Amino acid sequence: MSGSGPMNVFDIAGRAMSAQLVRLNTTASNMANAGNVSGSAADAYRAIKPVFRSVTDSPGVSTVKVEQVVTTNAQPTKRHDPNHPLADANGDVWEAAVDSNAELVDMIETARMYQNNVQVLNTAKSLMMETIRIGK
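Counted from 1, the sequence shown has number 119 at position 61 by the working numbering; the numbering is strictly sequential.
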């Protein structure tokens, strides 16, 4: 809610776009770390995900906000690679707990949702401009 009154279509779509941008940033972080390995399971990268919460201004008027960004419970994969510089005493390394395929799907879905909200803004702008044109 904007604090200066009820939410309008621009507030709603803008907040939705901001939430999708956070989602896209977490996906980018996960993809950037997908191939990383670590010397221990505790130090291995785990995927992060945003948690969304609905924000309702009045009946029929709601949007979304990012409540927090959490680390998933996915476990890193142990791989035997004794020649790797990060390998432990047993010759094992742990690969980041990131499902690249799921991240790509999230990225496509996020881009589409963002584009949908851009279209909402463009439609609202066109309708307002047409209303002004008719009123002249």
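Cβ atoms here follow ideal geometry from the backbone N, Cα and C, with glycine treated the same way.
Bear in mind the structure is a predicted one, so any value in this text is a computation, not a measurement.
query	result
Exposure of N70, with buried meaning 16 or more beta-carbon neighbours within 10 Å	Looking at the sequence provided, one finds Ile at residue 70 rather than Asn. It counts as buried.
Coil, strand or helix - D27 by DSSP	Outside the displayed span of the chain (59 to 194) sits residue 27, for which this structure offers no information.
From R137, N88, I106 and N180, residue whose alpha carbon lies closest to that of G97	R137
CB of N175 within 8 Å of CB of M75, strictly	yes
Burial state of Q133 (16 or more Cβ within 10 Å)	exposed
Cβ distance (whole Å) where R81 is taken to contact T168 below 8 Å	5 Å
Where A102 falls: helix, strand or coil (DSSP)	coil
Candidates K107, A145 and S112, of which the one nearest N131 by Cα	K107
Secondary structure of Q126, DSSP reduced to three states	strand
Those residues which DSSP pairs with S96 across a bridge	W152
Contact check, V156 vs V95, beta carbons under 8 Å	no
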